[in-house]
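Worksheet: the structure to be examined is printed underneath.
Protein chains: 2
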Amino acid sequence: MSIRRSARAFAPASVGNVGVGFDILGHALDAVGDVVVASRSDMPGVSVTDISGVVADLPTIVERNTAGRAVQSMWDDMQPGFGVTLAIEKGIPLGSGMGGSAASAVAAVVAANALLPEPIDLDGLFPYALIGEAVASGSVHADNVAASLFGGLVYAYAAGDGDVRNARVPVPAGLQCVLVHPHCEIQTRDARLALNADVALPIAVEHSANLAGVMLACHSGDLELLRRSLRDVLVEPQRAHLVPGFAKVKQAALAAGALGCSLSGSGPSLFAWAETTFARDIATAMSRVFASDKMACDVWVSAIDAPGARLTEQVE
Amino acid sequence: MSIRRSARAFAPASVGNVGVGFDILGHALDAVGDVVVASRSDMPGVSVTDISGVVADLPTIVERNTAGRAVQSMWDDMQPGFGVTLAIEKGIPLGSGMGGSAASAVAAVVAANALLPEPIDLDGLFPYALIGEAVASGSVHADNVAASLFGGLVYAYAAGDGDVRNARVPVPAGLQCVLVHPHCEIQTRDARLALNADVALPIAVEHSANLAGVMLACHSGDLELLRRSLRDVLVEPQRAHLVPGFAKVKQAALAAGALGCSLSGSGPSLFAWAETTFARDIATAMSRVFASDKMACDVWVSAIDAPGARLTEQVE
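Protein chains in written order, with our numbering: chain A, 3 to 318; chain B, 3 to 318.
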């Protein structure tokens, strides 16, 4: 049996919530992501040896690092009889709403898994990546993790009692995602604190109607139903104020033809879904509004059905 | 052009809410329904001339009768230049949670439509049936109306601003619905009063996760996902006490193999979804529990993908 000495994995950024699926829907982006190199070590246990890229000031203490904690939980279960070091290359900005903590956890388990004599499948890796991501967000949220791991548009929910659900949602042909990242930071924990403990029943019903509408439209390709349903009535009204210029940028996206536009995860990034033919114009319209407010931003146009995490290099 | 003097239409009973789709999901039942005979009249306007069947003490004043109000709203728009009389034969018990008021409104618009020189399609009839049903429930709820009109499992939502959505949801092969109607009455208005004005955010999220799980399982046929997801965490906990013996009957259904079991509409009827092979045993198990509590009940086993409303007789 060949033994791998090291493996390098890429895990993409992702859009969490997707407007109608607070904590249960996410989709991958093919624009940017995190990389983790896992290397076999003679020292037992898990250690984080290096953090580089667009974010450098993350904790290297394993228990407090999303990548380290994810692989540690895996190693605790697997007891592979050797140690592992993790080198993290962050491509996703901190506090951007692009699923950076999920991507680091996902890239780490995918890379570390390749070192095992008998690697497990993605479904098997999912719970470990969830444990890692929870270090950053304070509780288990599956949407970004599932999107980054499996790719595409995914439904994911950790109901407790071991009921961890995930399922792929089809994406209608000819749609893309525009993602705009203004250069300000929102911490997921702070964004959670912005949410009221209760929801008015009619809002909960409208939220569920929008979610079901999007699920059905994704299966049928009914873009008119998608346009009517891709609206966040649950969290966007409570979080929009955290992003300077949110309303104007969203309005610009819709005016330029977007089917829907809302916060990506807990923001400050905004995502818009659109027919491919409008995507570039929407990207330009959104970034222009931020620019006119003297807010620098990055803009990506991505597939919604973008690939998930993958190994990019292995050394035997 | 031939002119029809009268037309008779049948509209089936239905399961509203379907556990995970409060106010937005419903499905038809092929067991029982209401019939309306619409007849051309020389007197202008709409009148309700007869109410017979299992319920007789309904208002015949057009504005307060679901069938009358539905056809009146249609006649106001259409101005067909002749009057119509409606004779209603109720097959669905009052306050049963089986969508009786929706079925009367639906049967009425389908029958009356057949008298028009140029009948409109079902999508066109939907808004008029909604107006009729609202007389009984106090506000517009589309789930029972859409299920009875279109048949099958349907998503329906009246968002306001003319955004009336409806879409068919596929039903996995080999599933049936067991419906048990205990002989006690719950008025929809009273059941609505039992609901709290607010929902805790984690409950709203769990509700949405269950809804999305059922939507995805219906498309993929994943019965394990369906079983995990077909759970009402939103309204059942607040309404179960209105139905004597609810918890025991539900438990009996699940123990006999049901994928899920909850209130049909606002109750007191319970529905259970199950693989066909278990349906009869589930029906027996549920009715036995009611019987042991000295509660008489009717039991039906129906397709979930049951046919919707249809004309059964026309006289030229």
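From the three backbone atoms N, C-alpha and C, an ideal C-beta is built for every residue, glycine too. Values in this document were obtained by computation on a predicted structure and should not be read as measured data.
Whole-Å CB distance - residue i paired with residue j, under 8 Å assumed
{"i": "A/LEU151", "j": "A/GLY310", "result": "6 Å"}
{"i": "B/ARG241", "j": "B/ALA196", "result": "5 Å"}
{"i": "B/ALA15", "j": "B/GLY101", "result": "5 Å"}
{"i": "B/ALA58", "j": "B/VAL86", "result": "Between B/VAL86 and B/ALA58 the Cβ distance is about 21 Å, and since that is not below 8 Å, they are no contact."}
{"i": "A/GLY134", "j": "A/ALA40", "result": "Going by Cβ atoms, the distance from A/GLY134 to A/ALA40 rounds to 13 Å, so no, they are not a contact pair."}
{"i": "A/TRP1", "j": "A/VAL48", "result": "Residue 1 of chain A lies beyond the residue range present for chain A, which begins at 3 and ends at 318; the question has no answer from this structure."}
{"i": "B/ILE188", "j": "B/GLY99", "result": "7 Å"}
{"i": "A/GLY269", "j": "A/LEU244", "result": "6 Å"}
Spatial neighbours of residue i in its chain, beta-carbon cut-off 6 Å, leaving aside the 5 residues before and after
{"i": "A/PHE84", "result": "ARG42"}
{"i": "A/ALA138", "result": "THR68 and SER103"}
{"i": "B/TRP302", "result": "ALA33 and LEU181"}
{"i": "B/PRO82", "result": "LEU118"}
{"i": "A/ALA13", "result": "GLY35, ASP36, ALA105, VAL108, ALA109, SER150 and ALA311"}
{"i": "B/ARG167", "result": "TYR159"}
{"i": "B/HIS185", "result": "ALA298"}
{"i": "A/THR278", "result": "GLY176 and GLN178"}
{"i": "A/ALA260", "result": "ALA274, ALA276 and ILE284"}
{"i": "A/THR62", "result": "VAL50"}
{"i": "A/ASP52", "result": "ALA89"}
Strand pairing of residue i, partner residues [DSSP]
{"i": "A/LYS92", "result": "A/GLY55"}
{"i": "A/ARG312", "result": "A/PHE12"}
{"i": "A/SER29", "result": "One point to set straight first is that residue 29 of chain A is His, not Ser, in the sequence displayed. Paired residues: A/VAL17 and A/LEU155."}
{"i": "A/ARG40", "result": "One detail in the question is off: residue 40 of chain A reads as Ala in this sequence, not Arg. The partner list for A/ALA40 (beta bridge, DSSP) reads A/ALA9 and A/LEU88."}
{"i": "A/SER264", "result": "A/PHE273"}
{"i": "A/VAL317", "result": "A/SER8"}
{"i": "B/GLY35", "result": "B/PRO14"}
{"i": "B/VAL73", "result": "B/VAL73 pairs with nothing; no bridge assigned."}
{"i": "A/SER103", "result": "According to DSSP, A/SER103 bridges with nothing at all."}
{"i": "B/SER321", "result": "Here chain B has residues from 3 to 318 only, and residue 321 of chain B is not among them."}
8 Å Cβ shell around residue i - same chain, five flanking residues per side excluded
{"i": "A/CYS220", "result": "LEU155, VAL171, PRO172, VAL173, PRO174 and LEU228"}
{"i": "B/ARG233", "result": "GLY21, VAL22, ASN212, GLY262 and SER264"}
{"i": "A/SER54", "result": "ALA89, ILE90, GLU91 and LYS92"}
{"i": "A/ARG6", "result": "ARG42, ALA116, LEU117, GLN316, VAL317 and GLU318"}
{"i": "A/GLY223", "result": "PRO174 and ALA175"}
{"i": "B/SER24", "result": "As written in the sequence, residue 24 of chain B is Phe, which differs from the Ser given in the question. The answer, listed in chain order, is HIS209, ASP234, LEU236 and VAL237."}
{"i": "A/GLY1", "result": "Lying before the first or after the last residue shown, residue 1 of chain A is absent from chain A, which here runs from 3 to 318."}
{"i": "A/GLU65", "result": "ARG71, GLN74 and VAL137"}
{"i": "A/GLY247", "result": "PRO184, VAL291, PHE292, ASP295 and MET297"}
{"i": "A/ALA257", "result": "ALA287"}
Cβ-based neighbour list, residue i, same chain, cut-off 7 Å, excluding 5 preceding and 5 following
{"i": "A/VAL201", "result": "LEU236"}
{"i": "A/ALA136", "result": "VAL142"}
{"i": "B/LEU132", "result": "VAL142, ALA144, VAL147 and ALA160"}
{"i": "B/SER231", "result": "VAL22, ASN212, GLY215, VAL216 and ALA219"}
{"i": "B/TYR130", "result": "ALA72, SER75, MET76 and VAL111"}
{"i": "A/SER321", "result": "What is shown of chain A runs 3 to 318, which leaves residue 321 of chain A out entirely."}
{"i": "B/ASP165", "result": "none"}
{"i": "B/ALA281", "result": "GLN178, VAL180 and VAL303"}
{"i": "B/LEU127", "result": "VAL111, VAL112, ASN115 and LEU151"}
{"i": "A/ILE122", "result": "ASN115"}
Check: residue i C-beta below 6 Å from any heavy atom of the ligand FMN
{"i": "B/GLN81", "result": "Only the bare structure without any ligand can be found here, which leaves the ligand FMN out of the picture."}
Fill in: contact_flag[the region 285-297 of chain A, the region 236-251 of chain A] where n(CB pairs < 8 Å) is 3 or more
yes
Item to complete: Please specify which runs of the alpha helix (DSSP H), each continuous and at least 4 residues long, are wholly inside the region 160-241 of chain A, giving them in chain order.
Response: 190-195, 203-222, 225-231 and 238-241
Worksheet item: Are the region 272-286 of chain A and the region 185-193 of chain A in contact at 8 Å, needing three or more beta carbon pairs?
Response: no
Worksheet item: Is it a yes or a no for the region 173-184 of chain B touching the region 26-37 of chain B, going by three-plus beta-carbon pairs under 8 Å?
Response: yes
Discussion item. Restricting to runs no shorter than 3 residues, where is the beta strand (DSSP E) found entirely within the region 271-311 of chain A?
Written reply: 272-277 and 299-305
Worksheet item: Whole alpha helix (DSSP H) runs in the region 106-158 of chain B with 4 or more residues, listed along the chain?
Response: 124-139 and 144-152
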